[in-house]
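The structure appears right after this line, and notes come after that.
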Amino acid sequence: MDAMTLLEERRSMGKLTGPAPTREQLDTMYRAALRAPDHKELTPWRFIEITGDGLSRLGDLFAEAESRKSPGIEAQTLDTARKKPLRAPLMIAVIAKVAPDVENVPKQEQVLSAGCAAYAILLAAYAQGLGAMWRTGHYAFDPTVKEGLGVSEQDEIVGFLYIGQLGGRHKLLTERDPEEYVERWT
Ligand SMILES: Cc1cc2nc3c(=O)[nH]c(=O)nc-3n(C[C@H](O)[C@H](O)[C@H](O)COP(=O)(O)O)c2cc1C
Numbered sequence: 110m111d112a113m114t115l116l117e118e119r120r121s122m123g124k125l126t127g128p129a130p131t132r133e134q135l136d137t138m139y140r141a142a143l144r145a146p147d148h149k150e151l152t153p154w155r156f157i158e159i160t161g162d163g164l165s166r167l168g169d170l171f172a173e174a175e176s177r178k179s180p181g182i183e184a185q186t187l188d189t190a191r192k193k194p195l196r197a198p199l200m201i202a203v204i205a206k207v208a209p210d211v212e213n214v215p216k217q218e219q220v221l222s223a224g225c226a227a228y229a230i231l232l233a234a235y236a237q238g239l240g241a242m243w244r245t246g247h248y249a250f251d252p253t254v255k256e257g258l259g260v261s262e263q264d265e266i267v268g269f270l271y272i273g274q275l276g277g278r279h280k281l282l283t284e285r286d287p288e289e290y291v292e293r294w295t
């Protein structure tokens, strides 16, 4: 796919089905991620690839997070949380692995860099004809989920990338006019 077409046409796909991306497709996605802009080459990212039983384990973690947050929560809400990761055959949790106290590279920059890596994964998925969607919900910020995934307090889950085969039609692109967002200093 032509690079400009990719950049102008990439969109999210929430309805995803199996099979999961192949190892080669995933490798291509990770290679794209590793080209994210990265001040001082800190490589401030980590990827947790989740498939099969791992998706159910993550669902259990989401449910545990809900019940710790709201003890006595309805069973149906817990069930909904448990099923969330099952919306794709594969998920990649993108973690910002933050190196503290690096001169001129504050945490924000490292989180942005991990965010760029996440976006590169979305682009590489789309370029390979796969569907993908970046989600955080409140789970990405939840201490129970962070702990369960082995993410330290100072690190951040920048997103859960749901990836699979297109399970429906792409939604229409929202038309946006760059002129509404651009100011010029001349
Ligand atoms: C950091 C981040 C977190 C997001 N979290 C969610 C989410 O939890 N649920 C959701 O429906 N969309 C979420 N989105 C938005 C979708 O991924 C998607 O970008 C949006 O629906 C617009 O669709 P598009 O990517 O096709 O333009 C998130 C986007 C970003 C950048």
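So in the numbering used here, the last one in the sequence shown is 295, and the numbering has no gaps at all. Beta carbons: idealized from backbone N, C-alpha and C, even for Gly.
Could you please give me the residues that DSSP links to residue i through a beta bridge?
i, result
"V203", "F156, G268"
"T126", "Q274"
"G259", "Beta-bridge pairing links G259 to no other residue."
"W243", "L270"
Looking at C-alpha atoms only, which residue of the options is the closest neighbour of residue i?
i, options, result
"F156", "L164, Y139, R293, R278", "Y139"
"D136", "L275, A234, W243, G240", "A234"
"R119", "K255, N213, E284", "E284"
"E175", "Y228, T253, P287", "T253"
"P153", "V214, E183, L239", "V214"
"A241", "A226, G168, T131, K124", "K124"
"G238", "G276, D251, T189", "G276"
"G127", "R278, Q274, K149", "Q274"
Do residue j and residue i count as a contact pair if the criterion is CB distance below 8 Å?
i, j, result
"I204", "L270", "no"
"K216", "V207", "yes"
"R191", "D162", "no"
"A229", "A141", "yes"
"A226", "A145", "yes"
"T160", "P209", "no"
Ligand 1 site residues, beta-carbon cut 6 Å against heavy atoms: R120, S121, M242, W243, R244, T245, G246, G268
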